[in-house]
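In what follows, a single structure is set out as structure tokens and then discussed.
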Amino acid sequence: MADRSFLSWPFFEERHRAHAQALEGWCAAHLPVDHGDVDAACKGLVAALGAGGWLQPTAAGAGEALDVRTLCLSRETLARHDGLADFAFAMQGLGMGAVSLFGTPAQREWLARTRAGQAISGFALTEPGAGSDVAQTATTAVRGPQGWVLNGEKTYISNGGIADVYVIIARTGEAPGAKGLSAFLLPADTPGLTVLDRIEVMAPHPLAHLGLSDVVLPEAALIGKPGEGFKIAMSVLDVFRSTVGAAALGFARRALDEALVRATRERAGGGRLADYQMVQGHLADMAVQIDAAALLIYRAAWVKDMGQARISREAAMAKLYATEAAQKVIDMAVQLHGGDGVRSGFAVESLYREIRALRIYEGASDVQRVVIARSLLG
Ligand code: COS
């Protein structure tokens, strides 16, 4: 990769630079993997990343904070080499985010396994009738003599079907809307939890529609206090939204790399494609958008790592700008490849498919705009 000067930007410490450098070496040796069977590929990636120690940053020790800069550099690096490797890494963090931030000592025992790549995790938040509007969550959790009884459906759940453990948000009814939700730790082998459907998407990864029918969980499964589920979910998203931007940044950096190779190797009109000023202009626009995205992402991560409790505005700006910019950068890389840009087997073709979902998951672009606008309007 041509430009690594961002590693010397003041957001990072020596340990971040060392981490990025070492992960780069691991990626060059191990990625990409064959995506033919996505479940098997994902399980293999989680195990390999865990064995290599690369999943350690996906969880925090008791009383410690997640290091968002390390999460961002990890996702950016993995995404540049293999989108599925980034997915496998990210879900270990997002899935167990609520446990990392709010879990009891007993719940935190899962973290040793997810960090080692010995257990796969998922975050069950979205429902058929509650996507962007989390306050509409309809899955119920009712306290009974034997514990909490959960009923409902969750959809678009990443790692659905292969996860060993989920964090699930359900309505416990302390108040209407956002203040009546709670978070629970749900082992995947709990009776009553089923995979209703697997969902196929344009950039395949394990994704499912889950059903909960009289799922009984003990009192100890509750994360935080009853009624805190919305705040817990939002706190997790505060940390991980900037990392989605980082994954988009990794895709965009890869697209620029591919475009540079193409532009300097491809012959056009007796010279190189790169000799045309219009091509140079496109390359320049790609580089500017990449650096602008990087600055917003590293700013959000740095602010969080410096101890600011809420970074909703910074994380929303980072995710919104980086994912939208990456889409444009990748589209231009496709264009510079001509017919090969849409041809299977070319990196830019898969990047074009992989980037699209990032503008939707963990809060669609318009949700990020809502978060930013609310911060302006008070
Ligand atoms: N950290 C802590 N608390 C937060 C918070 C955060 N990041 N964001 C909101 N809250 C709190 C608010 O402060 C408010 O509590 P108080 O009234 O005590 O102040 C409460 O939670 C409700 O917040 P708000 O009124 O903003 O909630 P809305 O229902 O209007 O929801 C959006 C706002 C749309 C921003 C939210 O539903 C959202 O992020 N949706 C997208 C969900 C998503 O990302 N889904 C992807 C699934 S995961 S792959």
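Its first residue numbered 0, the sequence shown is counted upward by one per residue in numbering that gives the first Met the number 0. In this text, a Cβ means the ideal position worked out from N, Cα and C, and glycines have one as well.
Buried versus exposed, by CB contacts within 10 Å (16 or more), residue i
i      : result
MET95  : buried
VAL341 : exposed
MET305 : exposed
SER131 : exposed
PRO420 : Residue 420 lies beyond the stretch modelled for the chain, which goes from 0 to 377, so this question has no answer here.
VAL243 : buried
SER4   : exposed
ARG252 : buried
ASP81  : buried
VAL164 : buried
GLU361 : buried
LEU376 : exposed
ASP365 : exposed
TRP8   : exposed
PHE2   : Here the sequence assigns Asp to residue 2, which means Phe is not the residue at that position. Classification for ASP2: exposed.
GLU63  : exposed
ASP237 : buried
THR193 : exposed
GLU323 : buried
Whole-number beta carbon distance between residue j and residue i, since they are thought to touch under 8 angstroms
i      : j      : result
TRP109 : ALA118 : 7 angstroms
TYR351 : VAL333 : 5 angstroms
ALA314 : ARG373 : Rounded, the Cβ-Cβ distance is 13 angstroms, inconsistent with contact.
VAL98  : VAL166 : 7 angstroms
GLN91  : THR57  : 4 angstroms
LEU22  : TRP53  : 6 angstroms
LEU100 : SER212 : LEU100 to SER212, Cβ: 29 angstroms. No contact.
ALA292 : ALA321 : 4 angstroms
PHE10  : TYR297 : 4 angstroms
ALA162 : PHE229 : Actually they do not touch by this definition, with Cβ atoms about 22 angstroms apart.
ALA87  : VAL45  : 5 angstroms
GLY159 : ALA207 : 3 angstroms
ILE310 : VAL302 : 5 angstroms
GLN326 : VAL215 : About 43 angstroms separates the two Cβ atoms, so there is no contact after all.
THR381 : THR154 : Because the chain here runs from 0 to 377, residue 381 falls outside it and cannot be looked at.
ALA123 : LEU209 : 6 angstroms
THR76  : GLY344 : Actually they are not in contact, since the Cβ atoms of THR76 and GLY344 sit about 23 angstroms apart, beyond 8 angstroms.
LEU185 : ALA220 : 7 angstroms
LEU72  : HIS18  : 6 angstroms
ALA317 : LEU295 : 4 angstroms
ALA246 : ARG16  : 20 angstroms between Cβ atoms; not a contact.
Secondary structure of residue i, DSSP reduced to three states
i      : result
HIS18  : helix
VAL287 : helix
THR263 : helix
ASP163 : coil
PRO186 : strand
THR57  : helix
GLY269 : coil
GLY146 : strand
ALA169 : strand
SER343 : coil
ASP36  : coil
LEU195 : strand
GLY244 : helix
LEU30  : coil
ILE156 : strand
GLY151 : strand
Beta carbon proximity, residue i to chain C, threshold 7 angstroms
i      : result
GLY270 : Note that chain C does not occur in the displayed structure, where there is just one protein chain.
(message) Quick check on the DSSP output: what are the complete beta strand (DSSP E) runs of length 3 or more inside the stretch 61-140, in order along the chain?
(response) 120-123
(message) With three or more C-beta pairs closer than 8 angstroms as the rule, is the stretch 248-262 touching the stretch 197-206?
(response) no
(request) Mind the definition here: the stretch 21-29 touches the stretch 185-198 only if three or more C-beta pairs lie below 8 angstroms; say whether that holds. (result) no
(message) To test your reading of the DSSP string, which unbroken beta strand (DSSP E) runs of 3 or more residues are found completely within the stretch 203-229?
(response) DSSP runs (the beta strand (DSSP E)) wholly in the stretch 203-229: 206-216.
(message) Taking 8 angstroms as the cut-off, does the stretch 269-277 touch the stretch 213-226 (at least 3 CB pairs, one atom from each stretch)?
(response) no
(message) Using 8 angstroms as the cut-off, can you tell me whether the stretch 276-288 makes contact with the stretch 344-362, which would need three or more C-beta pairs spanning the two stretches below that distance?
(response) Contact fails between the stretch 276-288 and the stretch 344-362, because fewer than three Cβ pairs, one in each stretch, are under 8 angstroms apart.
(message) Check whether the stretch 166-181 and the stretch 138-149 touch, using three or more Cβ-Cβ pairs below 8 angstroms as the test.
(response) yes
(request) Check whether the stretch 174-182 touches the stretch 65-81, taking contact to mean three or more Cβ pairs, one atom from each stretch, closer than 8 angstroms. (result) no
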